[in-house]
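**Student:** To start, I am sharing the structure in question, which I have written as structure tokens.
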Amino acid sequence: QQQVKQSPQSLIVQKGGISIINCAYENTAFDYFPWYQQFPGKGPALLIAIRPDVSEKKEGRFTISFNKSAKQFSLHIMDSQPGDSATYFCAASISGFQKLVFGTGTRLLVSP
Amino acid sequence: DAGVTQSPTHLIKTRGQQVTLRCSPKSGHDTVSWYQQALGQGPQFIFQYYEEEERQRGNFPDRFSGHQFPNYSSELNVNALLLGDSALYLCASSYRGRGDYGYTFGSGTRLTVV
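Residue numbers (the numbering used here), protein chains in the order written: chain X, 142 to 253; chain E, 3 to 116.
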């Protein structure tokens with residue numbers, strides 16, 4: 142119940158295209174869903190986060206879509222750029238607690 | 003404004019040895035969490051320290067222990083190293099034990115056990 146399942150494992154998108162990464166969870170107590178971006182040799186950096194009281198959150202080219210009934214959430218990267226090439230992790234936690242449960246990651250490659 | 007600082011950046015140890023990793027949290031943060039990230043995997047929660055006490059612990063054996071100092075910095079100790087302990091160890095800091103207020107990760111310590 143503590144797992145967060147992430148797909149796809151890897152993704153290749155052309156420059157200017159839309160990158161979509163999906164995650165699913167089981168624990169309905171989760172109420173905070175962040176996405177992290179990780180470049181090689183670096184730690185994860187918070188990209189965008191959402192709570193289940195909204196169905197969508199947009200920040201620049203990055204959008205989280207959240208489906209509470211399906212227990213799924215996804216990251217959309219619009220107008221993908223080569224600089225977006227990185228590994229993306231979804232995560233989930235219960236507010237007030239430190240433990241983040243991470244997905245297995247998606248390696249995104251944006252071709253020029 | 004310094005972010006999370008971890009040392010050392012790389013470390014090679016022999017099976018059975020002990021290792022200590024260090025972390026200084028971001029300025030203004032008082033909570034430190036440690037994660038293990040195996041190659042090609044997502045980070046796995048080890049434990050969290052707030053007010054110099056271990057507040058939460060993940061599914062890791064007692065060989066993994068930690069400490070938080072009055073200046074909020076933290077150490078992760080691993081005893082009796084196994085080959086499977088080879089991983090990137092990440093430290094994350096936050097404020098008042100709230101991960102949803104913003105988690106800042108360090109760049110990690112790459113531990114190789116041979």
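Heads up, the beta-carbon is just placed ideally off N, CA and C, and yes, glycines get one too. None of the values given here were measured: they were computed from a predicted structure.
What residues in the segment 24–55 of chain E have a beta carbon less than 7 Å from any beta carbon of chain X?
**Tutor:** Listed by position along the chain: 33, 35, 43, 44, 45, 47, 50.
**Student:** Using a Cβ-Cβ cut-off of less than 9 Å, give me the residues of the segment 169–186 of chain X that come near chain E, in sequence order.
**Tutor:** Result list: 172, 173, 175, 177, 179, 182, 183, 184, 185, 186.
**Student:** Using CA atoms only, rank isn't needed, just tell me which of X:241, X:200, X:207 is closest to residue 188 of chain X.
**Tutor:** As a working mapping, residue 188 of chain X is identified with position 47 in the first sequence. That would be X:200, whose Cα lies nearest to the Cα of residue 188 of chain X.
**Student:** Pull up the CB-CB distance for residue 33 of chain E and residue 58 of chain E, whole angstroms please, since I reckon it's below 8 Å.
**Tutor:** Within the second sequence, residue 33 of chain E is the residue found at index 31, counting from 1. Within the second sequence, residue 58 of chain E is the residue found at index 56, counting from 1. With a Cβ gap of about 10 Å, residue 33 of chain E and residue 58 of chain E do not count as contacting.
**Student:** So which residues of chain E does residue 157 of chain X contact, with C-beta pairs closer than 7 Å?
**Tutor:** The residue labelled residue 157 of chain X in the question sits at position 16 within the first sequence. Per Cβ cutoff of 7 Å: no residues; residue 157 of chain X is ~28 Å from chain E at best.
**Student:** DSSP three-state call for residue 68 of chain E: helix, strand or coil?
**Tutor:** The residue labelled residue 68 of chain E in the question sits at position 66 within the second sequence. The answer is strand: DSSP assigns residue 68 of chain E an E or B state.
**Student:** Along the segment 197–228 of chain X, where does the CB come closer than 7 Å to a CB of chain E? Name the residues.
**Tutor:** Listed in sequence order: no entries.
**Student:** With a Cβ-Cβ cutoff of 8 Å, do residue 216 of chain X and residue 203 of chain X count as a contact?
**Tutor:** Counting from 1 along the first sequence, the entry for residue 216 of chain X is found at position 75. Counting from 1 along the first sequence, the entry for residue 203 of chain X is found at position 62. Yes, these two residues count as a Cβ contact at 8 Å.
**Student:** Between which two residues does the beta strand (DSSP E) containing residue 29 of chain E stretch?
**Tutor:** Locating residue 29 of chain E in the second sequence gives position 27, counting from the first residue. Where residue 29 of chain E is concerned, there is no enclosing beta strand (DSSP E), given that its DSSP letter is neither H nor E.
**Student:** What's the C-alpha gap between residue 97 of chain E and residue 246 of chain X?
**Tutor:** For this step, residue 97 of chain E is matched to residue 95 along the second sequence. For this step, residue 246 of chain X is matched to residue 105 along the first sequence. C-alpha separation (whole angstroms): 26 Å.
**Student:** For chain E, check one thing: does any of its Cβ atoms lie closer than 8 Å to the Cβ of residue 240 of chain X?
**Tutor:** In the first sequence, counting from the first residue as 1, residue 240 of chain X sits at position 99. Yes, because at least one Cβ of chain E sits closer than 8 Å to the Cβ of residue 240 of chain X.
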